[in-house]
Structures are given as structure tokens and as C-alpha cells.
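**Student:** Dropping the structure in here first, questions after.
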Amino acid sequence: MATTPTAPSPGAPPAPAKAAEEYRGFSLTALAWRRFRRHKLAMYASVVLIILYAAAIFSPFLAPYSETRSNRQKYFHPPTKIHFFDENGRLTRPYVYNYRLVDVGRRIYEPVTTTKYPIKFFVKGEPYKLFGLIEWDVHLYGVDSPAVIYPLGADHLGRDIVSRMLHGSRKSLFIVIPLIVITVSIGLMYGGISGYFGGRTDNIMMRIGEVVMAVPSFYLLIALAGVMRDVPAQQRFAAVIAILGLVSWAGFARVIRGMVLSLRQQEFVEGALAIGNSHLRTIVRHILPNTISYVVVSITLQVPGFIIAESSLSFLGLGVQEPFSSWGNMLSNATDLTNLTRYPWMLAPGFLIFITVLAWNYVGDGVRDALDPRAVTSGEPR
């Protein structure tokens, strides 16, 4: 039997009006945060990113060894098994065994069970600079020599995979900061000026931007690597960052230019000019702030691409150079099929790249939904 829909009471406002009344006292930032919190995957991804970036910041403390420390007697050492129970099955302090090599050709190790090496926490080890400033030599965990603790095994030079991943995370994760600064600063000003003045100025500036977009950045970086072969690794890495930033701003500038073309016709722009503001001040103080929603969304969606770009370049030997580590150049040791079959732990950095890129994509989706202007105007935060 069909039911007749109940008519709303004469004085009741429609549902969107109720939502708008409920959230009338909230700022746009507060509304965006409420919508972002309702995006569960974005919230979980944010927690993952916070953990990853915190680990990168405190990597010298968390890592038991430095990124360049090698042990030629332990190369391709398997993951060290951590024991929590003794021979009688009773719970005990975590300990490990030392391992000895029993097959040189296939690098097969077996534990020497005659001596236990307890895992110690807050132990003194190799000195480092915490935050790049504080001289310190305390590490979160470690074991006494001759035993080693390699939770994810060692590479072809006997270097701890976990330690190198922690140290390399600083480069792989924080490379996005200079790239974002270069891309956003150039793209905002270039696109803002082009869209604001329009006409011939816009036509010339956009043609220049198209030329920049047509530059094959990959081959440019290969040429740069050849020219700077004798330059120290850190300076070469800085040059790679600069080149990536200088060829990445053009697409961003085109979108900003399109937004400014529509914003310059608004009354607040005419009002700013009427009270004596210069064109540059009008662009910087009144027009570009209205693009901030797109800028934030664009940044969160560009970060995964920059992380993959750095990893790819380091994988090919054009980015971070040995003996320093990044997730990309660590993966370059996993290109040999024989080694990969025998030592699968060499793929561990690839897992971190996958997790980081996936988390940033989810965060980008959450930010995009939270800053969606249609959700703001409807008065119904999602």
C-alpha cells in the first residue's frame, strides 16, 4: 500500500536552511576541518603521514646505526630474529643471537645459539646531530658487538636496511618542501600577473609557459647529471631539485591564470583599485588569496608526484648518490633478479614509497572534498 509523504509543517525551514542555521557560527576553516574529519580514509592517512614524518625527523635517534656504516662480514645478512621467550618457553627480555656465515656463495647465515645478546634501549652509539643542531650519541635500541640487529636485513655492503630507510626518509619526504616553494611561488605570481593584465601580456606569458611545459625534464636532468659529474653529490642533488621546480610551475600557473581571469571582474577588485592600491598590491593582497583553496588542494595532490620523481631519479642514479641513502637509490640494489629472489627484504623501501604516496593521495582527496565550494554554499558540511 502506497504511503502519502508527510508534508512539512508550514513554519519549518527546508533541510538546507536547517543545516545552514546549525553551522552559521562556524568559520570556513572550521567547516572545512569538520568535513575533513568525516573523511575516514583521509584521517587514517594523516596519522600514517604524521608517524612517517616524525620518524624522519628523529631518524638519527631511532636508527641503531648511521646510514653509511657498513659491515663487510654481514652483507646480505637476513632479518635478525628477535626472541621474546627463552628455551623453556618463558617470557624474557628481548634478545638476539649472533649469526655466522655457512654458505658464502648464497650468503646463508645461521644463528649461534650459545650466547644471547639482550636488546638494550637508549644506548650510546655513533654520534650524530639531532635536528641538525644538537650533538648526541644516544640511540633508541642496540645490541653488544659482535652481534648486530638488522630487523629488515642488510644490503650488499652489510648496511642495516632499517637505518638507511630512516635516514633516507629525510630526503625522500622533505624534498617536497623546496619543490612546493618553487612551484607555488613562481606559479602564483606568473599566473596572477598573466590573468590580471590579459591581452597581449597574457598571450606572451602563456606562450612562454607552454615552452617551459614542453621541455623534457627527464632528458634535461640526464644532461645535467653528465655535466655535473665531478660536482659533489649534495650540490648535484640541489641542482636536481632546482630543475624539477623550474619545470613544474607552468601547469600550475595556467590554472591560476584561469581563476584570476574570472576574479579580476569582481567588484572587490575595482574597489581596491579605486582606493589607490597599485596593480601588484591588488594582485597579491586581494586576488591571489581567493585562490588559496585551489593552492592547498594542488599542493596535497602534487606531493606524491614529487616523491615518486625523487625516488625515480635516485633509482636511476640522478638524485641522491651513494653512500647517502634515499628510498629510490636503495631500490636500485633490487634490480638484480637473482638478488631479489634470494634477498626479498631489499624491496622494503618500495613498500614505504607505496604507503607514503597512497597516504598523500587520500589526504589530497580529503582536502579537496573539505574545501569544495559547493559544500560550503549548500550549508551542509559532509
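Every letter in the sequence shown is one number past the one before it in my numbering, and letter 275, counting from 1, is 284.
C-beta atoms are modelled at their ideal positions from N, C-alpha and C, and glycine is treated no differently.
What are the boundary residues of the beta strand (DSSP E) that includes V147?
**Tutor:** For the purposes of this step, residue 147 is taken as residue 138 along the sequence shown, with counting starting at 1. I143 to G151 is the extent of the beta strand (DSSP E) around V147.
**Student:** Leaving out the 5 sequence neighbours to the left and right, which residues in its chain are closer than 8 Å to V147 when beta-carbon positions are compared?
**Tutor:** Reading the sequence shown from its first residue, position 138 is the one you call residue 147. Same-chain partners within the cutoff: F70, F131, V132, K133 and G134.
**Student:** Note the first and the last residue of the continuous alpha helix (DSSP H) segment covering P332.
**Tutor:** Taking the first residue of the sequence shown as 1, we reach residue 332 at position 323. Unbroken run through P332: none, as it is neither H nor E.
**Student:** Throw me the rounded Cβ distance for the L61 and L182 pair, which I believe falls under 8 Å.
**Tutor:** In the sequence shown, counting from the first residue as 1, residue 61 sits at position 52. In the sequence shown, counting from the first residue as 1, residue 182 sits at position 173. Contact flag correct, Cβ pair sits at about 7 Å.
**Student:** Counting only the same chain and skipping the five closest in sequence on each side, list residues whose C-beta sits under 6 Å from that of V385.
**Tutor:** Taking the first residue of the sequence shown as position 1, residue 385 is located at position 376. With a pLDDT of 46 at V385, under the threshold of 50, the modelled position of that residue is not reliable, and no figure is offered here.
**Student:** For L110, which three-state DSSP category applies?
**Tutor:** What you label residue 110 is simply residue 101 of the sequence shown in a count that begins at 1. The answer is strand: DSSP assigns L110 an E or B state.
**Student:** Count the other CB atoms within 10 Å of the CB of D164; is the residue buried (16 or more) or exposed (fewer)?
**Tutor:** In the sequence shown, the residue the question calls residue 164 occupies position 155. The residue in question, D164, is buried, as its Cβ has 16 or more Cβ neighbours within 10 Å.
**Student:** Please report the residue range of the alpha helix (DSSP H) in which Y62 lies.
**Tutor:** Counting from one through the sequence shown, the residue named residue 62 turns up at place 53. Its alpha helix (DSSP H) spans residues K49 to I66.
**Student:** Does K90 come out as helix, strand or coil in the three-state DSSP assignment?
**Tutor:** Within the sequence shown, numbered from 1, the residue matching residue 90 stands at position 81. Coil.
**Student:** How should P73 be labelled, buried or exposed, when 16 other C-beta atoms within 10 angstroms of its C-beta is the threshold for buried?
**Tutor:** Mapped onto the sequence shown, residue 73 falls at position 64. Buried.
**Student:** In angstroms with no decimal places, state the Cα-to-Cα distance between P313 and G373.
**Tutor:** Position 304 of the sequence shown, counted from the first residue, corresponds to residue 313. Position 364 of the sequence shown, counted from the first residue, corresponds to residue 373. Computed Cα separation, rounded: 9 Å.
**Student:** Mind pulling the alpha helix (DSSP H) runs of 4 or more residues that sit fully within the stretch 156-185?
**Tutor:** Fully enclosed alpha helix (DSSP H) runs of 4 or longer: 170-183.
**Student:** List the whole-angstrom C-beta distance separating V105 from A39, where the pair is believed to meet the contact cut-off of C-beta under 8 Å.
**Tutor:** For the purposes of this step, residue 105 is taken as residue 96 along the sequence shown, with counting starting at 1. For the purposes of this step, residue 39 is taken as residue 30 along the sequence shown, with counting starting at 1. In fact, because the Cβ distance is near 50 Å, the residues do not count as touching under 8 Å.
**Student:** Measuring alpha carbon to alpha carbon, tell me which residue in N97, N107, F363 and V329 is nearest R179.
**Tutor:** Within the sequence shown, numbered from 1, the residue matching residue 179 stands at position 170. Nearest option by C-alpha distance: V329.
**Student:** Which value, in whole angstroms, describes the spacing of the CA atoms of V221 and I195?
**Tutor:** As a position in the sequence shown, residue 221 is number 212, starting the count at 1. As a position in the sequence shown, residue 195 is number 186, starting the count at 1. Distance between the alpha carbons of V221 and I195: 13 Å.
**Student:** Assuming I6 and V269 make a contact with CB atoms under 8 Å, what is their CB distance in whole Å?
**Tutor:** There is no way to answer for residue 6, as the model of the chain reaches only from 10 to 391.
**Student:** Tell me, to the nearest whole angstrom, how far the beta carbon of W3 is from that of M174; I am working on the premise that it is less than 8 Å.
**Tutor:** A question about residue 3 goes unanswered here, because the residues of the chain that appear run from 10 up to 391.
**Student:** Classify D95 as buried or exposed, calling it buried when 16 or more other Cβ atoms lie within 10 Å of its own Cβ.
**Tutor:** Here residue 95 refers to the residue found at position 86 of the sequence shown. D95 comes out exposed.
**Student:** Is it buried or exposed for A435, if we count other Cβ within 10 angstroms and need 16 for buried?
**Tutor:** Residue 435 lies beyond the stretch modelled for the chain, which goes from 10 to 391, so this question has no answer here.
**Student:** Taking the alpha-carbon of A115 as reference, which of A357, V376 and R351 has the nearest alpha-carbon?
**Tutor:** Residue mapping note: residue 115 aligns to position 106 of the sequence shown, counting from 1. Looking at the sequence shown, residue 115 is not Ala but Arg. Out of A357, V376 and R351, R351 has the C-alpha closest to the C-alpha of R115.
**Student:** Any chance the stretch 283-302 sits against the stretch 202-222, with 3 or more Cβ pairs inside 8 Å?
**Tutor:** With the cut-off at 8 Å, the stretch 283-302 and the stretch 202-222 touch.
**Student:** Can you tell me where the beta strand (DSSP E) holding I117 begins and where it ends?
**Tutor:** Within the sequence shown, numbered from 1, the residue matching residue 117 stands at position 108. Per DSSP, I117 belongs to the beta strand (DSSP E) from I117 to P127.
**Student:** Which partner residues of L253 appear in the DSSP bridge assignment?
**Tutor:** Numbered from 1 along the sequence shown, position 244 holds the residue referred to as residue 253. BP columns for L253 are empty, so no partner.
**Student:** Output the boundary residues of the alpha helix (DSSP H) element that contains S307.
**Tutor:** The residue given as residue 307 occupies position 298 in the sequence shown. Segment I301 to F324, the alpha helix (DSSP H) holding S307.
**Student:** Which word fits K49, buried or exposed, when buried means at least 16 other C-beta atoms lie within 10 angstroms of its C-beta?
**Tutor:** Indexing the sequence shown from 1 puts residue 49 at position 40. So K49 ends up on the exposed side.
**Student:** Assign Y199 to one of three DSSP states: helix, strand, or coil.
**Tutor:** The residue you call residue 199 lines up with position 190 of the sequence shown. It is helical.
**Student:** Apart from the five residues on each side of it in sequence, which residues of its chain come closer than 7 Å, Cβ to Cβ, to I250?
**Tutor:** Counted from its first residue, the sequence shown places residue 250 at position 241. Result list for I250: I184, P187 and L188, in chain order.
**Student:** DSSP three-state label for F277, please.
**Tutor:** Looking up residue 277 in the sequence shown gives position 268. Reduced to three states, the DSSP call for F277 is helix.
**Student:** Report all residues from its chain with a CB closer than 7 Å to the CB of S18; omit the five preceding and five following residues, and keep chain order.
**Tutor:** By one-based count along the sequence shown, residue 18 stands at place 9. Summary for S18: the model assigns pLDDT 49, below 50, so the residue's position carries little reliability; its value from the coordinates is reported in the next sentence. Same-chain partners within the cutoff: there are none.
**Student:** So Y84 is in the alpha helix (DSSP H); what residue range does that whole segment cover?
**Tutor:** Counted from its first residue, the sequence shown places residue 84 at position 75. Premise fails: Y84 is in no alpha helix (DSSP H) and is neither H nor E.
**Student:** Closest to Q274 by CA distance: which of I292, A357 and F246 is it?
**Tutor:** Within the sequence shown, the letter at position 265 stands for residue 274. Taking only the C-alpha atoms, the option nearest Q274 is I292.
**Student:** To the nearest angstrom, report how far apart S68 and V190 are at their CA atoms.
**Tutor:** Indexing the sequence shown from 1 puts residue 68 at position 59. Indexing the sequence shown from 1 puts residue 190 at position 181. Using only the alpha carbons, I get a separation of about 24 Å.
**Student:** Give a yes or no on whether the C-beta atoms belonging to K83 and G167 are separated by under 7 Å.
**Tutor:** Within the sequence shown, the letter at position 74 stands for residue 83. Within the sequence shown, the letter at position 158 stands for residue 167. Closer than 7 Å, so yes.
**Student:** Whether or not the stretch 276-291 and the stretch 245-261 are in contact is what I'm after, with contact meaning three or more pairs of Cβ atoms, one per stretch, closer than 8 Å; do they touch?
**Tutor:** Taking 8 Å as the limit for Cβ pairs, the verdict is that the stretch 276-291 does not touch the stretch 245-261.
**Student:** Suppose the cutoff is 7 Å on Cβ atoms and the five residues either side in sequence are ignored; what does the same chain contact list for L282 look like?
**Tutor:** Taking the first residue of the sequence shown as position 1, residue 282 is located at position 273. Here the set comprises T291.
**Student:** When the Cα atoms are used, what is the spatial distance from F45 to Q311?
**Tutor:** Taking the first residue of the sequence shown as 1, we reach residue 45 at position 36. Taking the first residue of the sequence shown as 1, we reach residue 311 at position 302. So the two alpha carbons sit approximately 19 Å from each other.
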